[in-house]
Amino acid sequence: MAITVTVPATTANLGPGFDCLGAALSLYNSFTFSLLAPETQDYPQIFVEGSGSSSLSLGSDNLLYQAIVRFYQALGQTPPPLHISIQMGVPLARGLGSSATAIVGGLVGANVLAGEPLSPAQIRDLAIELEGHPDNVVPAQQGGCCLAATGMAGDQDWQISEVPWHPALVPVVAIPQFELSTEKARQVLPSTYSRADAIFNAAHVGLLLRGLDSGHGPWLRAALQDRIHQPYRQSLIPGFAAVHQAAIAAGAYGLVISGAGPTLLALTTPDKGEGVAQAMAQAWESAQATVQVLALDRSGAKVQVT
Numbered sequence: 001m002a003i004t005v006t007v008p009a010t011t012a013n014l015g016p017g018f019d020c021l022g023a024a025l026s027l028y029n030s031f032t033f034s035l036l037a038p039e040t041q042d043y044p045q046i047f048v049e050g051s052g053s054s055s056l057s058l059g060s061d062n063l064l065y066q067a068i069v070r071f072y073q074a075l076g077q078t079p080p081p082l083h084i085s086i087q088m089g090v091p092l093a094r095g096l097g098s099s100a101t102a103i104v105g106g107l108v109g110a111n112v113l114a115g116e117p118l119s120p121a122q123i124r125d126l127a128i129e130l131e132g133h134p135d136n137v138v139p140a141q142q143g144g145c146c147l148a149a150t151g152m153a154g155d156q157d158w159q160i161s162e163v164p165w166h167p168a169l170v171p172v173v174a175i176p177q178f179e180l181s182t183e184k185a186r187q188v189l190p191s192t193y194s195r196a197d198a199i200f201n202a203a204h205v206g207l208l209l210r211g212l213d214s215g216h217g218p219w220l221r222a223a224l225q226d227r228i229h230q231p232y233r234q235s236l237i238p239g240f241a242a243v244h245q246a247a248i249a250a251g252a253y254g255l256v257i258s259g260a261g262p263t264l265l266a267l268t269t270p271d272k273g274e275g276v277a278q279a280m281a282q283a284w285e286s287a288q289a290t291v292q293v294l295a296l297d298r299s300g301a302k303v304q305v306t
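Written as structure tokens, this is what we have:
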């Protein structure tokens with residue numbers, strides 16, 4: 001028996017929704033698991049193909065396998081001997097949630113192998129624990145656009161709200177050749193913010209939720225502005241200003257840094273998607289950016305058993 005888990009890429013933050021808002025995109029990593037003979041000593045056996053495959057560890061420190069180990073720890077067990085095949089379609093260190101796909105893929109796959117002893121909510125909480133924040137792993141698991149918040153005093157009682165996404169909103173991503181680590185992107189952020197900046201972002205998150213639901217252009221143009229992370233991270237992304245200007249001129253409502261970057265994401269209408277993509281590609285020719293018109297993935301992690 002082989003179990004294949006296909007997990008979508010994600011874009012986090014969406015401008016002002018720093019560390020709490022994320023959406024699943026129609027770009028995927030696939031992970032196939034099969035059990036080895038119980039007496040097998042040399043495991044896990046990990047094989048990787050696709051974008052960035054040479055950068056992934058093939059040993060027990062592989063993030064996917066670490067998620068599997070954490071799952072079995074939750075059961076008070078050790079993982080069985082496993083053969084794992086990874087098909088990479090989500091580029092690494094580009095702000096598209098590649099680590100979230102590994103965490104969700106490992107947890108969901110292990111849960112199926114074990115007979116599904118954990119609920120989706122328990123899998124979600126383990127994924128958030130491993131990732132450190134919910135904005136990528138939650139939409140990777142359940143699809144769509146999701147807003148995550150904790151209960152009283154940050155007690156980790158996660159409340160997840162699906163955010164309605166208007167069908168006339170199209171995400172366009174420009175993925176440059178260079179990488180940007182999440183750690184480096186966080187290092188440039190200030191440790192404190194002014195009251196004015198906090199109020200600005202709170203208002204713009206609220207407006208963004210209404211804009212995504214309604215598809216109302218003027219709301220989206222204003223709502224995608226941010227004062228918490230993007231002004232500080234733009235300096236780490238050469239060409240940001242030119243790509244932003246080109247996307248807006250071609251008809252995008254706005255352009256944001258996807259996750260920690262360096263991928264840039266524009267929101268536009270279906271009839272303008274290709275034009276926005278071409279404009280972004282031309283403006284970022286120096287970075288040899290791959291530009292794609294994507295869609296919102298509404299399914300999340302999918303399992304196939306063969």
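Here the UniProt record's numbering is used: the first residue of the sequence shown is 1, the next is one more, and so on.
Even glycine gets a Cβ: it sits at the ideal position worked out from N, Cα and C.
Burial state of residue i, where buried means 16 or more other Cβ atoms lie within 10 Å
| i | result |
| --- | --- |
| Gln77 | exposed |
| Ile228 | buried |
| Arg195 | exposed |
| Val305 | exposed |
| Arg210 | exposed |
| Gln159 | exposed |
| Gly132 | exposed |
| Gly300 | buried |
| Gln177 | exposed |
| Gln141 | buried |
| Thr192 | exposed |
| Ser57 | exposed |
| Met1 | exposed |
| Leu75 | exposed |
| Pro139 | buried |
| Gln230 | buried |
| Ala202 | exposed |
| Ser258 | buried |
For residue j and residue i, believed in contact at Cβ under 8 Å, the rounded distance
| i | j | result |
| --- | --- | --- |
| Ser34 | Met88 | About 19 Å; that fails the 8 Å criterion. |
| Gly254 | Leu220 | 6 Å |
| Ser98 | Val104 | Not a contact, Cβ separation roughly 11 Å. |
| Leu82 | Pro44 | 5 Å |
| Arg70 | Leu130 | 6 Å |
| Thr10 | Ala24 | 5 Å |
| residue 307 | Ile3 | No answer is possible for residue 307: it lies beyond the span of the chain, which begins at 1 and ends at 306. |
| Gly239 | Trp284 | 5 Å |
| Val188 | Pro270 | Incorrect: roughly 35 Å between the Cβ atoms, too far for contact. |
| Gly15 | Asp135 | Actually they are not in contact, since the Cβ atoms of Gly15 and Asp135 sit about 12 Å apart, beyond 8 Å. |
| Ala252 | Leu267 | 6 Å |
| Val163 | Cys145 | 4 Å |
| Val291 | Ala174 | 5 Å |
According to DSSP, residues forming a beta bridge with residue i
| i | result |
| --- | --- |
| Val172 | Ala266, Val293 |
| residue 309 | Coverage of the chain is limited to positions 1 through 306, which leaves residue 309 absent and any answer about it impossible. |
| Leu147 | Leu21, Ser161 |
| Lys302 | Thr6 |
| Phe47 | Ser85 |
N- and C-terminal bounds of the beta strand (DSSP E) containing residue i
| i | result |
| --- | --- |
| Pro8 | 2-13 |
| Tyr28 | 17-35 |
| Gly254 | 254-257 |
| Glu285 | Taken as a continuous stretch (DSSP letters only), Glu285 belongs to no beta strand (DSSP E), as it is neither H nor E. |
| Glu39 | Note, Glu39: premise wrong, no beta strand (DSSP E); not H, not E. |
Boundaries of the alpha helix (DSSP H) in which residue i is found, first to last residue
| i | result |
| --- | --- |
| Lys184 | 182-187 |
Query raised in the report: Going along the chain, which unbroken runs of the alpha helix (DSSP H) with 4 or more residues stay wholly within the UniProt domain "GHMP kinase N-terminal" (62-144)?
Result: 63-75, 98-113, 120-131, 137-142
Query - Minimum length 4: unbroken alpha helix (DSSP H) runs contained in the stretch 199-259 - result: 217-223, 230-233, 240-249
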